[in-house]
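Engineer: Those protein sequence lines, which keep their order, are chains E and Z.
Under numbering that gives the first Met the number 0, the first sequence has 44 at position 45, and the numbering climbs by one with no breaks.
Under numbering that gives the first Met the number 0, the second sequence has 145 at position 146, and the numbering climbs by one with no breaks.
Pasting in a structure now, in structure tokens, and then I'll have a few things to ask.
Number of protein chains: 2
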Amino acid sequence: MAGKNFSEKHRILYYEGDQNAHVTLPMLVNMMVLASEDQSELLGVGPKKMSTTGLGWVVTQYQIKIKKMPKINEEVTISTEAINHNAYFCQRDFWISDKEGNELVHATSIFVMMDLQKRKMQKLIPEILEPYESEEVKQIIRLPKIIEPEDGEKLSHQYSVRYLDIDQNRHVNNSRYFEWMINTLDDEVLTNNFPSEVNVRYHVEVQPGAMINSKAIRSGSQGDFRTNHKIFVDDTLCTEANIEWQSYLE
Amino acid sequence: MAGKNFSEKHRILYYEGDQNAHVTLPMLVNMMVLASEDQSELLGVGPKKMSTTGLGWVVTQYQIKIKKMPKINEEVTISTEAINHNAYFCQRDFWISDKEGNELVHATSIFVMMDLQKRKMQKLIPEILEPYESEEVKQIIRLPKIIEPEDGEKLSHQYSVRYLDIDQNRHVNNSRYFEWMINTLDDEVLTNNFPSEVNVRYHVEVQPGAMINSKAIRSGSQGDFRTNHKIFVDDTLCTEANIEWQSYLE
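Right, here's the structure in full:
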């Protein structure tokens, strides 16, 4: 038995879209997190309740499969469910579907609870966990590891964390990492292709004020390529990802 | 007689807010433009119709007065109206109010029509203008000029235009300029203060791929200060602004 399902409708606004009029990858992630925040609020375990525990939810991995990128002005339904958990890890899934009920996006994510003062992982606490009714299991899903490309075109870009990258939890909004990653690629690549599968692992949080070195390797052929991404602050690997790309024309 | 009024409700989403849980200035501008785009669509002169004319609306100036920054999860009403126009310029106003009807934000803007191929200003064409029912006048409002500070603390920051800064019209989304401007200021300033009045003039469009030099001068005393902003691409002054700041505590 899985957990409680939560759904909400969302109209993609023009400022959530790119020059192709498709929703951007960072905004897609924002929309999914919005649904989980709204579910938490509904179940009485929203930010207010969380703040009394000194803990915060932190995502460690996302695997996002995208069949079709929703378009500006499209009304989509975002659904989410805390599938199961063990003592430390919780699997939460997300689905985005169009008006006809076709699934456009499916994501699986792993969340942990962090002591916000010590910035250390904590055991999940029943007080916060129970309302989601997720199943207790011994072993949660293992999402794929990040694959290192053997060779390819090397790209990189430097960024400084901006004031507006920081969210209410006083950490860099997870969606910003996606912008730092994909912006290393050529405009031509981003104009003609969309990420059909994204596997991202967060290792270390990027702190306000940090300088980011976003490295990418593009491998494969013109019509069939993938990218590997690494986000560094100095010598620390903070985040890494594999992205499979697909042409909009296919 | 002024033009047709259009209103819509909008809930401020967490990803439209900053670490203080207030809506960000760029998102505030996005929300206003959203209302004007939705009105245009409703009146049959949305992007599709516009694209048949080869023209596009371009904002040349905003004067935004903010009494109170809306907060995350707050439901606001955004209203807009094409007030009046002469042969070349159109005055469009915006209001944002809270659930009780209190006005939080009032903005006046000047829009022109641009030939998208030649990137040159054009006379307003009746075909697009008439549905808004804005009044024809000889002289439209003159918004305040940008004031140069006599002295103050000099700040600057460099940016490169990112793929996701470009919107559907293939130009840099207007709201990005606000991020480039305010991000020159210290986090401490941005955490404790909000822009109570913003006067921004757009002179030259920033092009995709450009390198931006955002300069600012902060003048006045600790409790009563203002900033002057200039956005350059090489030696070209693209945008300038005056911002008055007010403490959240007042």
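Backbone N, C-alpha and C define an ideal beta-carbon position, used for all residues, glycine too.
Taking C-beta pairs closer than 9 angstroms, name the residues in chain E that ILE165(Z) reaches, listed in chain order.
Structural biologist: Correct list: ASP17, GLN18 and ASP186.
Engineer: Could you pull the start and end residues of the alpha helix (DSSP H) that GLN38(Z) belongs to?
Structural biologist: Note, GLN38(Z): alpha helix (DSSP H), 24-41.
Engineer: So, using beta-carbon positions, are ALA86(E) and VAL160(E) closer together than 7 angstroms?
Structural biologist: Their beta carbons are not under 7 angstroms apart, which means ALA86(E) does not touch VAL160(E) by this criterion.
Engineer: Is there at least one Cβ from chain E nearer than 7 angstroms to THR23(Z)'s Cβ?
Structural biologist: Yes, THR23(Z) counts as interfacial toward chain E.
Engineer: Mind checking HIS202(Z): buried by the 16 CB within 10 Å criterion, or exposed?
Structural biologist: Exposed: under 16 other Cβ atoms inside 10 Å.
Engineer: Taking 7 angstroms as the CB-CB limit, is LEU115(E) close to chain Z?
Structural biologist: No, its Cβ sits nowhere closer than 7 angstroms to a Cβ of chain Z.
Engineer: For GLU243(E), which option in SER35(E), LEU236(E), THR79(E) and LEU189(E) has the closest C-alpha, if you only look at C-alpha atoms?
Structural biologist: Closest option to GLU243(E), Cα to Cα, is LEU189(E).
Engineer: From which residue to which residue does the alpha helix (DSSP H) around PRO46(Z) run?
Structural biologist: Counting along the chain, the alpha helix (DSSP H) containing PRO46(Z) begins and ends at 46-50.
Engineer: Label ASN198(E) either buried or exposed according to how many other C-beta atoms from any shown protein chain fall within 10 Å of its C-beta, with 16 as the threshold for buried.
Structural biologist: Flag for ASN198(E) reads buried.
Engineer: In chain order, what residues of the segment 132-161 of chain Z put their CB closer than 7 angstroms to some CB of chain E?
Structural biologist: Within the segment 132-161 of chain Z, the residues whose Cβ lies closer than 7 angstroms to some Cβ of chain E are ARG161, listed in chain order.
Engineer: Would ALA1(E) pass as a contact of ILE109(E) if the rule is Cβ separation under 7 angstroms?
Structural biologist: Not closer than 7 angstroms, so no.
Engineer: From ASN172(Z) to VAL58(Z), what distance separates their C-alpha atoms?
Structural biologist: Near 11 angstroms, if we compare the C-alpha coordinates of VAL58(Z) and ASN172(Z).
Engineer: With 7 angstroms as the limit, tell me which residues of the segment 26-40 of chain Z have their beta carbon closer than that to any beta carbon of chain E; keep them in chain order.
Structural biologist: Within the segment 26-40 of chain Z, the qualifying residues are ASN29, LEU33 and GLU36.
Engineer: Go ahead and label LEU248(E) buried or exposed: buried means 16 or more other beta carbons lie within 10 angstroms of its beta carbon, across all protein chains shown.
Structural biologist: So LEU248(E) ends up on the exposed side.
Engineer: Take GLN62(Z) as the anchor and find which of GLU204(Z), PHE231(Z), ASP233(Z) and PRO194(Z) has the nearest alpha-carbon.
Structural biologist: When each option's Cα is compared against that of GLN62(Z), the closest is PRO194(Z).
Engineer: Any Cβ of chain E within less than 7 angstroms of the Cβ of LEU103(Z)?
Structural biologist: No, its Cβ sits nowhere closer than 7 angstroms to a Cβ of chain E.
Engineer: Would you tell me roughly how many angstroms separate the C-alpha atoms of LEU54(Z) and ASP114(Z), rounded to the nearest one?
Structural biologist: Taking the straight line from one Cα to the other gives about 5 angstroms.
Engineer: Using 8 angstroms for Cβ pairs, my map puts VAL75(E) next to LEU103(E). What's the rounded Cβ distance?
Structural biologist: That belief holds up - the Cβ atoms of VAL75(E) and LEU103(E) are roughly 7 angstroms apart, short of 8 angstroms.
Engineer: Under 8 angstroms by Cβ, that's how I've got LEU163(Z) and GLU178(E) pegged, so tell me the actual separation to the nearest angstrom.
Structural biologist: Yes, they are in contact, since the Cβ atoms of LEU163(Z) and GLU178(E) sit about 6 angstroms apart, within 8 angstroms.
Engineer: Could you have a look at TRP149(E) and say whether DSSP puts it in helix, strand or coil?
Structural biologist: A quick correction: the sequence has Glu, not Trp, at residue 149(E). In the structure shown, GLU149(E) sits in coil (DSSP, three-state: anything other than H, G, I, E or B).
Engineer: Taking buried to mean at least 16 other C-beta atoms within 10 Å of its own C-beta, is PRO69(Z) buried or exposed?
Structural biologist: Counting Cβ neighbours within 10 Å, PRO69(Z) comes out buried, since at least 16 surround it.
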